[in-house]
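Trainee:
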Amino acid sequence: MKKGTWILFYILFIGSVVCLMEIGSRTVTVMVESAPISRQSCIIVDPGHGGEDGGATSCTGILESAYNLSISMRLNDLLHLLGYDTKLIRASDTSIYTQGKTIAQKKVSDLKERVRIVNETENALLLSIHQNHFSDARYSGSQVFYAGTQGSEDLAKALQSALTKVLDPGSNRTSEKSSGVYLMEHIIKPGVLIECGFLSNPAEEAKLRDKAYQQKLCCVIAATVSQFLKEHPSDSFKI
Numbered sequence: 101m102k103k104g105t106w107i108l109f110y111i112l113f114i115g116s117v118v119c120l121m122e123i124g125s126r127t128v129t130v131m132v133e134s135a136p137i138s139r140q141s142c143i144i145v146d147p148g149h150g151g152e153d154g155g156a157t158s159c160t161g162i163l164e165s166a167y168n169l170s171i172s173m174r175l176n177d178l179l180h181l182l183g184y185d186t187k188l189i190r191a192s193d194t195s196i197y198t199q200g201k202t203i204a205q206k207k208v209s210d211l212k213e214r215v216r217i218v219n220e221t222e223n224a225l226l227l228s229i230h231q232n233h234f235s236d237a238r239y240s241g242s243q244v245f246y247a248g249t250q251g252s253e254d255l256a257k258a259l260q261s262a263l264t265k266v267l268d269p270g271s272n273r274t275s276e277k278s279s280g281v282y283l284m285e286h287i288i289k290p291g292v293l294i295e296c297g298f299l300s301n302p303a304e305e306a307k308l309r310d311k312a313y314q315q316k317l318c319c320v321i322a323a324t325v326s327q328f329l330k331e332h333p334s335d336s337f338k339i
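Take any residue in the sequence shown, note its place counting from 1, add 100, and you have its number in my numbering.
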């Protein structure tokens with residue numbers, strides 16, 4: 101199948117069943133868990149922030165952590181639909197710190213715990229979901245950042261290309277190596293951080309709140325990751 105065709109095929113396929121999610125957020129997961137497909141990779145879905153650490157605040161007053169969780173839950177279900185084993189870092193508005201009394205100490209502990217989960221998971225691949233924010237409301241568009249580990253850059257490029265083509269054809273954003281992000285600098289497995297859009301841009305924030313748009317966004321991510329892993333078997337893409 102030509103590269104320009106596969107993602108559309110996957111999106112149509114996933115889209116034909118994604119409506120089941122409207123019945124309940126876990127409907128698809130429950131269905132596919134009863135008939136799993138054997139996969140070699142375990143995809144870790146990380147909804148950024150949570151709990152006391154809400155992240156950025158959108159132009160409508162909603163914390164970033166809420167968008168991250170909603171999108172991550174949908175993405176987790178879609179990856180289950182494709183037969184992958186997954187780990188969801190958090191499934192509610194919580195932090196996963198194990199120690200610390202101050203917010204700063206808890207945040208450090210939370211980040212270290214996320215790193216531990218990724219590094220201790222066999223054949224792990226990390227998808228960390230975040231939202232962008234800037235003082236100038238005109239900026240928009242998704243952007244993918246990658247860790248310095250094997251396979252991360254190639255995956256980021258594939259995701260950036262797909263997100264741009266399907267969701268934002270006019271964007272000139274490119275994938276970049278992560279700089280100054282603790283999680284991305286301390287994992288030893290492949291990983292990317294996806295900034296889904298700008299919460300400071302009213303038009304984009306409205307889309308990021310929309311369930312249908314979230315589903316489309318997750319279809320693009322899930323389809324791209326699935327195709328990427330298909331093209332990078334374990335003998336050449338060590339995870």
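We put the CB at the ideal spot given by N, CA and C, even for glycine. Remember, it's a predicted structure, so these values are computed and weren't measured experimentally.
Less than 8 Å between the C-beta atoms of Ser228 and Asp146, yes or no?
Mentor: Yes. Within cutoff.
Trainee: Quick check: the segment 238-252 against the segment 280-289, are at least 3 beta-carbon pairs closer than 8 Å?
Mentor: The segment 280-289, when compared against the segment 238-252, does touch it at the 8 Å Cβ threshold.
Trainee: Is it the case that the CB of Ala156 approaches a heavy atom of the ligand PLP more closely than 7 Å?
Mentor: Within the structure as shown, the ligand PLP is missing, as the structure has no ligands at all.
Trainee: When the Cβ atoms of the segment 171-185 are set against those of the segment 255-268, are three or more pairs found closer than 8 Å?
Mentor: The answer is no - the segment 255-268 does not touch the segment 171-185, with fewer than three Cβ pairs under 8 Å.
Trainee: Let me know if Ser275 comes out buried or exposed under the rule of 16 or more other beta-carbons within 10 Å of its beta-carbon.
Mentor: Its Cβ being crowded by 16 or more others within 10 Å, Ser275 is buried.
Trainee: Under the assumption that Thr186 contacts Ile143 (Cβ atoms under 8 Å), give the Cβ distance between them as a whole number of angstroms.
Mentor: Confirmed, about 5 Å.
Trainee: What's the gap between the Cα of His332 and the Cα of Pro302?
Mentor: Taking the straight line from one Cα to the other gives about 38 Å.
Trainee: Suppose the cutoff is 7 Å on Cβ atoms and the five residues either side in sequence are ignored; what does the same chain contact list for Ile234 look like?
Mentor: Note on identity: in this sequence residue 234 is Phe, with Ile being the wrong assignment. Cβ neighbours of Phe234 beyond the five flanking positions: Phe298, Ser300.
Trainee: With a threshold of 16 other CB atoms inside 10 Å of the CB of Ser158, please say whether the residue is buried or exposed.
Mentor: It counts as buried.
Trainee: Once you ignore the five residues that flank Ser48 on each side, which residues in its own chain have a CB closer than 8 Å to its CB?
Mentor: The structure shown does not extend to residue 48, since the chain spans only 101 to 339, so no value can be given for it.
Trainee: Comparing C-alpha positions only, which one of Gly183, Gln314, Arg309, Gln231 sits nearest to Val340?
Mentor: With the chain covering 101 to 339 only, the question about residue 340 has no answer from this structure.
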